[in-house]
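As structure tokens, the structure follows; a few thoughts come after it.
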Amino acid sequence: MINAVLVFNNNGQPRLTKFYTPLDTAVQQRLLSEIFTLVSQRPNTACNFLPLPPLLAPPPSTKSPATSTTEHNDAPSLVTYRHFATLYFIVISTSTESPLALLDFIQCFVEALDRLFENVCELDLIFNFETLHAVWGEWDLGGEVRAEGMNAEYDEK
Numbered sequence: 010m011i012n013a014v015l016v017f018n019n020n021g022q023p024r025l026t027k028f029y030t031p032l033d034t035a036v037q038q039r040l041l042s043e044i045f046t047l048v049s050q051r052p053n054t055a056c057n058f059l060p061l062p063p064l065l066a067p068p069p070s071t072k073s074p075a076t077s078t079t080e081h082n083d084a085p086s087l088v089t090y091r092h093f094a095t096l097y098f099i100v101i102s103t104s105t106e107s108p109l110a111l112l113d114f115i116q117c118f119v120e121a122l123d124r125l126f127e128n129v130c131e132l133d134l135i136f137n138f139e140t141l142h143a144v145w146g147e148w149d150l151g152g153e154v155r156a157e158g159m160n161a162e163y164d165e166k
């Protein structure tokens, strides 16, 4: 399950934030800051997957391993990201999601935005945030990716 979708610019300013796990605003702000710091400091040749910072990672359990793994399958544990030009597209997910499928999802989402805005840039996201949220609404279903969203055709502005 997808727990959050984030889009940042190169300065760490959020351009899209969607959380599907209820969090306090203070925790969300700290998480945004920590994730941007982690992602922006990685070299371009580094892997696009990293473990979630301890802020949201599930606490270590003293229960038996059989019960703790089933309990924490829905806990966010993975950060998957892609850097395009001046924007970072980041997905926080559970361990049950395929990281490669999430990378493909990010790629398809950016391609859809690119078709819609004709070479999408940060200013398109700023001045057309309603359209950005509408496009995202076509793709998501409460933290799950809808297959129809990936096949949708978007008319140019």
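Residue numbers (our numbering): 10 to 166.
Idealized CB from N, CA, C, for every residue including glycine.
8 Å contact criterion, which residue i and residue j should meet: CB distance rounded
i      : j      : result
PHE17  : LEU96  : 7 Å
ILE11  : GLU106 : 7 Å
ARG91  : GLN50  : No, ARG91 and GLN50 are not in contact; Cβ-Cβ is about 16 Å, not under 8 Å.
SER102 : LEU111 : 6 Å
ARG24  : LEU134 : 5 Å
Whole-angstrom distance between residue j and residue i, CA atom to CA atom
i      : j     : result
ASN128 : PHE98 : 16 Å
ALA84  : GLU43 : 18 Å
ALA94  : ASP33 : 31 Å
THR30  : GLN37 : 10 Å
LEU15  : THR89 : 10 Å
GLU131 : LEU61 : 26 Å
Three-state class that DSSP yields for residue i in the structure shown
i      : result
GLU143 : It should be pointed out that residue 143 corresponds to Ala in this sequence rather than to Glu. Reduced to three states, the DSSP call for ALA143 is helix.
VAL48  : helix
THR89  : strand
ALA35  : helix
SER42  : helix
LEU61  : coil
VAL14  : strand
VAL129 : coil
Residue j beta carbon less than 8 Å from that of residue i
i      : j      : result
SER26  : LEU41  : Going by the sequence as given, residue 26 is Thr instead of Ser. Cβ atoms of THR26 and LEU41: closer than 8 Å.
PHE45  : GLY21  : yes
PHE126 : TRP148 : no
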